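**Student:**
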Amino acid sequence: AVDAHYARPVWERLEHPTLRDRVVVHGAVSPASVASFYRDADFFVFPSYNEAFGTAFGEAMAAGLPVIGWGTGNLPYLASREEGILLEPGNVEELSAALKRMSVDQTLRCRMGGAALARSAAMPTWAESGRLFFQAVGDAMSKQLSCT
Numbered sequence: 005a006v007d008a009h010y011a012r013p014v015w016e017r018l019e020h021p022t023l024r025d026r027v028v029v030h031g032a033v034s035p036a037s038v039a040s041f042y043r044d045a046d047f048f049v050f051p052s053y054n055e056a057f058g059t060a061f062g063e064a065m066a067a068g069l070p071v072i073g074w075g076t077g078n079l080p081y082l083a084s085r086e087e088g089i090l091l092e093p094g095n096v097e098e099l100s101a102a103l104k105r106m107s108v109d110q111t112l113r114c115r116m117g118g119a120a121l122a123r124s125a126a127m128p129t130w131a132e133s134g135r136l137f138f139q140a141v142g143d144a145m146s147k148q149l150s151c152t
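Heads up: the sequence shown is residues 5 to 152, going by the numbering used here.
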């Protein structure tokens with residue numbers, strides 16, 4: 005569910021004449037459509053202030069896309085400056101410059117996209133992460149319950 009307090013100003017901003025004809029809102033889409041969007045993209049931009057893990061960044065990197073975002077939350081641990089451009093949170097001028105740079109520099113896009121793909125391939129899958137998590141919990145519980 006979308007927080008109405010958050011959604012209202014976003015929808016109002018999207019009605020602004022400078023954005024109305026330039027922004028497409030797709031709404032809920034299937035996983036296949038999301039994969040198609042990644043395949044059709046040249047890079048991924050998501051300047052979010054609050055990403056606990058950054059699943060969308062991970063998905064974009066797995067699709068071979070360089071990423072651009074605020075250097076907050078988990079993004080600095082998920083992607084380095086080899087895989088994308090991490091910016092000071094809220095610095096719109098830097099964000100604009102990064103978008104322009106990534107748009108015009110094919111060599112940069114290809115280098116960072118390749119690095120993003122390689123880094124994502126080295127990351128554990130959700131199944132592996134779950135197995136490691138539950139193994140660690142089990143190990144901790146068996147040590148705590150032990151009498152030795």
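Don't be surprised by glycine CBs; every beta carbon is placed ideally from N, CA and C.
Just so we're clear, the structure is a prediction, and the values are computed from it rather than from any experiment.
Which of helix, strand or coil does DSSP assign to F48?
**Tutor:** F48 falls in the strand class under three-state DSSP.
**Student:** Give the C-beta separation of F47 and L69 to the nearest angstrom, bearing in mind that I take them to be a contact with Cβ-Cβ under 8 Å.
**Tutor:** That pair is a contact at about 5 Å.
**Student:** Can at least three beta-carbon pairs, one atom from the segment 10–28 and one from the segment 36–54, be found at a separation below 8 Å?
**Tutor:** As far as the Cβ criterion goes, the segment 10–28 does not touch the segment 36–54, which means the pair count is below three.
**Student:** So A120 packs on E87, CB below 8 Å; how close in whole Å?
**Tutor:** 4 Å between Cβ atoms; contact.
**Student:** Would you say A64 and F50 are within 9 Å of each other, going by their C-beta atoms?
**Tutor:** Yes; because the gap between Cβ atoms is below 9 Å, this pair is in contact.
**Student:** Can you have a look at A83 and say buried or exposed, based on whether 16 or more other CB atoms are within 10 angstroms of its CB?
**Tutor:** By the 10 Å Cβ count, A83 comes out buried.
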